[in-house]
Amino acid sequence: MNPASFKVLQVFNQYLESGGEEVWVNQLPSFAEGALEVRDLRFHSGAWTGRGAPSRFSQAINVWNNPESRERLKKAVGETGPDVLLFHNLIPVGSFGLYEEARNLELPVLQYIHNFRPFSPTGTLWTNGRVSDQAMRGNPWPEVFGRLWDRSFFKTLVLAYWQKRLLDSGSLDTVRRWIAVSQFMHDHFVAAGMPPERVTLLRHCWSPREISSEPSEQNHYLFLGRLVPEKGTQTLLAAWKILEKRLGPACPKLVIAGAGPESARIHAAAARMRKVSCVGFVSGASKDRLLQSCKALIAPSIWWEPLGLIVYEAYDFERPVLAARSGGLTETVIPGETGWLHEPGNAQALADDVERMEAMGNDGRVEMGCAGRRWLLANASPEAWRQDFVRIVREVVGK
19 MNPASFKVLQ VFNQYLESGG EEVWVNQLPS FAEGALEVRD LRFHSGAWTG
69 RGAPSRFSQA INVWNNPESR ERLKKAVGET GPDVLLFHNL IPVGSFGLYE
119 EARNLELPVL QYIHNFRPFS PTGTLWTNGR VSDQAMRGNP WPEVFGRLWD
169 RSFFKTLVLA YWQKRLLDSG SLDTVRRWIA VSQFMHDHFV AAGMPPERVT
219 LLRHCWSPRE ISSEPSEQNH YLFLGRLVPE KGTQTLLAAW KILEKRLGPA
269 CPKLVIAGAG PESARIHAAA ARMRKVSCVG FVSGASKDRL LQSCKALIAP
319 SIWWEPLGLI VYEAYDFERP VLAARSGGLT ETVIPGETGW LHEPGNAQAL
369 ADDVERMEAM GNDGRVEMGC AGRRWLLANA SPEAWRQDFV RIVREVVGK
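Start counting the sequence shown at 19; every next residue gets the next number (our numbering).
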């Protein structure tokens, strides 16, 4: 069978706030184009908020099995005739019932591993200001007692219960491959009990932009992401307090771009500092300008970052990266070559790395950024990703 004749239906429950997973879901059909026909079925978390939303009790039940979502899946399968289903996030509106429906439809499932579900109720393992891997070892209670899903004990408890039932029910047997976006995620899912032969490493790819031959001005360091504690925002601010005290007027500028639950606190803290500014959420040309004019991107995540597409973006603009030694970031940032790695949460070490980057001068930073671009071209080829993805589809379809 010609690979182009394979049909894939990808299923995704969009979050209330867009993130890296949604970016990847949006891009995947174009990366597969010419080799696979990819169609979309989407659910929206926003359907369960505001006026007209189902009752709290109905939501609790429907997270496990939403009959309307199952009907939508059946209809989409009837209309598109896929050979395989590609699942991303399915909750809350899509529901775990889609696994059972896939079994009824006798369709194999590929499941992307974007976070730590179905072990962690939050998907982040973020508990009481730190990473706790207890959920990966069968104990979700720290996340439950921390009210970590939607800041609700009840919702976190219900989700933990349904995840436990899902893992024990055999419904996940329909997943023929778990696609891990980093070796880190691959190893942790295998350690948690997923059959090794069903967990496959396939990092995201990237379509490189055309780069300008004109030298770009370097005038700030850049944080770009959601303003949440697990992204290391507190470490970032603490590092700049150290730098302002240590370097005085020579302290470099920091631009924080993004939005999230921590916005008010971070904006207030930045207002009390001399060299830190917040610009809110940015996208498109505004984001590109910030990346193009930065000295380096900073990714100080203190949770286990599954991969970190933001590193790809920095490399695309030939910019080095200062990142935490956290999760998949350790696989994309090469210390001394494309950037530097510091211990997660260590503000002193991050400040030292900024000073080291400053000492390199513009030419040194450009050289390091170019090395990052070379890494991106060598390791994130859309053509190589397409070949590997087609191979996985062919294996699970058995044709």
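For every residue, glycine included, the Cβ atom is placed at its ideal position computed from N, Cα and C.
From the DSSP output, which residues share a beta bridge with residue i?
i: residue 298; result: 275
i: residue 242; result: 275
i: residue 193; result: 127
i: residue 360; result: 342
i: residue 61; result: 31
i: residue 217; result: 196
i: residue 145; result: 148
i: residue 55; result: 25
i: residue 324; result: Looking at the DSSP assignment, residue 324 forms no beta bridge with any residue, so it has no partner.
i: residue 17; result: Look at the range of the chain in this structure, 19 to 417, and you will see that residue 17 is not part of it.
For the alpha helix (DSSP H) containing residue i, list its first residue and its last residue.
i: residue 269; result: Residue 269 -> no alpha helix (DSSP H), and no H or E assigned at all.
i: residue 177; result: 171 to 187
i: residue 375; result: 365 to 397
i: residue 206; result: 201 to 209
i: residue 166; result: Unbroken run through residue 166: none, as it is neither H nor E.
i: residue 71; result: Per DSSP, residue 71 belongs to no alpha helix (DSSP H) and is neither H nor E.
i: residue 122; result: 115 to 122
i: residue 38; result: 38 to 50
i: residue 405; result: 400 to 415
i: residue 284; result: 281 to 289
i: residue 98; result: 85 to 98
Counting C-beta neighbours from all protein chains within 10 Å, is the total for residue i 16 or more, i.e. buried, or is it exposed?
i: residue 19; result: Note that residue 19 has pLDDT 46, beneath the 50 cutoff, so the model's placement of it is unreliable and the number below is only indicative. Exposed, by the Cβ-count rule.
i: residue 35; result: exposed
i: residue 155; result: exposed
i: residue 257; result: buried
i: residue 92; result: exposed
i: residue 97; result: exposed
i: residue 158; result: buried
i: residue 229; result: exposed
i: residue 395; result: exposed
i: residue 85; result: exposed
i: residue 67; result: exposed
i: residue 101; result: buried
i: residue 75; result: exposed
i: residue 263; result: exposed
i: residue 113; result: buried
i: residue 51; result: exposed
i: residue 413; result: exposed
i: residue 8; result: No information on residue 8 is available, as it lies outside the stretch 19 to 417 that the chain covers here.
i: residue 88; result: buried
i: residue 129; result: buried
i: residue 90; result: buried
i: residue 41; result: exposed
i: residue 377; result: exposed
Let me check understanding here. Comparing Cα to Cα, which of the options lies closest to residue i?
i: residue 188; options: 149, 119, 134 and 62; result: 119
i: residue 325; options: 200, 81 and 164; result: 200
i: residue 255; options: 413, 272 and 264; result: 272
i: residue 311; options: 338, 113 and 298; result: 338
i: residue 43; options: 408, 300, 247 and 132; result: 132
i: residue 363; options: 251, 290 and 292; result: 251
i: residue 210; options: 244, 147 and 137; result: 137
i: residue 215; options: 193, 234 and 202; result: 193
i: residue 94; options: 263, 28 and 332; result: 28
i: residue 298; options: 351, 244 and 262; result: 244
i: residue 144; options: 129, 162, 127 and 113; result: 162
i: residue 333; options: 191, 380, 393 and 41; result: 393
i: residue 241; options: 186, 235, 329 and 290; result: 329
i: residue 58; options: 77, 107, 73 and 69; result: 107
i: residue 280; options: 246, 293, 146 and 268; result: 246
i: residue 79; options: 359, 183 and 261; result: 183
i: residue 354; options: 340, 181 and 270; result: 340
Going by DSSP, what residue range makes up the beta strand (DSSP E) through residue i?
i: residue 223; result: Premise fails: residue 223 is in no beta strand (DSSP E) and is neither H nor E.
i: residue 102; result: 102 to 105
i: residue 314; result: 312 to 317
Compute the minimum distance between the beta carbon of residue i and the heavy atoms of the ligand NAP, and state whether it is under 7 Å.
i: residue 54; result: Of the ligands one can find in the structure shown there are none, so the ligand NAP has no counterpart to examine.
For this session: Indicate whether the contact test is met: 3 or more Cβ pairs, each with one atom in the segment 310 to 328 and one in the segment 284 to 294, closer than 8 Å.
Result: no
Exercise. Does the segment 338 to 350 come close enough to the segment 270 to 278 to have 3 or more Cβ pairs within less than 8 Å?
Worked result: no
Exercise. With contact counted as at least three CB pairs below 8 Å, one residue from each stretch, are the segment 113 to 129 and the segment 286 to 303 in contact?
Worked result: no
Exercise. Do the segment 391 to 406 and the segment 214 to 234 meet, that is, are 3 or more Cβ pairs less than 8 Å apart?
Worked result: yes
Exercise. Do the segment 386 to 394 and the segment 363 to 373 meet, that is, are 3 or more Cβ pairs less than 8 Å apart?
Worked result: no
For this session: Evaluate contact between the segment 166 to 181 and the segment 232 to 250, counting only Cβ atoms and requiring at least three cross-stretch pairs below 8 Å.
Result: no
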